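The numbers in the working numbering rise by one with no breaks, and the one at position 39 of the sequence shown is 39. Note that CB positions come from ideal geometry on N, CA and C, so glycine has one too. Since we're looking at a predicted model, the values are computed, not measured.
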Amino acid sequence: MGKVRTALVKRTAKKLLSAYPDYFNDDFEHNKKVVRAIVDIPSKKVKNQIAGYITRLVKIHKKQGKPLTSL
1 MGKVRTALVK
11 RTAKKLLSAY
21 PDYFNDDFEH
31 NKKVVRAIVD
41 IPSKKVKNQI
51 AGYITRLVKI
61 HKKQGKPLTS
71 L
């Protein structure tokens, strides 16, 4: 079974993707650096969860052929 993401992680990731769609891609390490630069969250774990969820959303949108602005 997979892990459940909290509403904070999902909400923040979707806000970041809609505000900065050109900054993110399907590479977790790149997204981690971008999240660290944009968001001021002291928790490393939460930042990584947000970056991971953004990576997942980008991969899903790329597979479906949808633009990232359609969140």
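- CA-CA distance, G52 to N31, rounds to 8 angstroms.
- In this structure, V39 lies near K47, with their beta-carbon atoms less than 8 angstroms apart.
- Comparing C-alpha distances from L68 to each of Y20, Q49 and E29 shows the shortest one belongs to Y20.
- Residue state for F28 is assigned as helix, using DSSP reduced to three classes.
- Pairing V9 with F28, the inter-Cα distance amounts to about 15 angstroms.
- The residues L68, in chain order, have a CB closer than 6 angstroms to that of H61 in the same chain once the five nearest residues on each side in sequence are set aside.
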